[in-house]
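The block underneath contains the structure these notes are about, expressed in structure tokens.
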Amino acid sequence: MRQAQGTITVQTRRQGNVDISRQIAQWVEDQGMATGLLTVFLQHVSAHLSLQEHSDRDDLYTFFSRMERDPGGFGEFTSAVTSVSLTIPVSLGRMALGARQRLYLYEHREAPQTRSMVLHLVGD
């Protein structure tokens, strides 16, 4: 049993989704583990992680705009109903995602932000 831990930083441009699949897939591949369990932890409450088929910025933007009217107060409410961590199985040295599944970081702020994620992989 081995463990690996690392950090990935993403620069967002505005509110909306950023596809982080490639960065995370590359990190997993670099660890050289055939099987395992990956945890991705986002170190911020004004953004969240999701696993979905595709990204439609307008749909999510509309949803979150309605959910939290106060642009500075979304942290408390939104972080309670969204996720800052994902757990993904690793098989054959790759994330065991479905054919159309992608990992996204959703930025809640309108201004550009630098977001950090801690990656932890346990496996063989």
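Residue numbers for the sequence shown follow the numbering used here, beginning at 54 and rising by one.
A virtual CB, placed ideally from N, CA and C, is assigned to each residue, including glycine.
- Shown here, Ser103 sits in a strand according to DSSP, grouped into three states.
- In the three-state DSSP reduction, Gln166 falls in the coil class, being neither helix nor strand.
- Straight-line measurement puts the Cα of Val63 at about 12 Å from the Cα of Val171.
- Residue Ser136 holds the alpha-carbon nearest to the alpha-carbon of Ser99 among Ser136, Leu150 and Arg55.
- Straight across, the Cα-Cα distance linking Gln79 with Gly69 is about 23 Å.
- According to DSSP, residue pairing for Arg155 in a beta bridge involves Gln105.
- Arg55 carries a strand assignment under DSSP once its states are collapsed to helix, strand and coil.
- Across the structure, Gln105 and Ser144 are spaced so that their CA atoms are roughly 19 Å apart.
- Burial state of His107 is exposed, judged by a 10 Å Cβ sphere holding fewer than 16 other Cβ atoms.
- Cβ-Cβ separation between Gln76 and Leu174: approximately 14 Å, too far for a contact (criterion under 8 Å).
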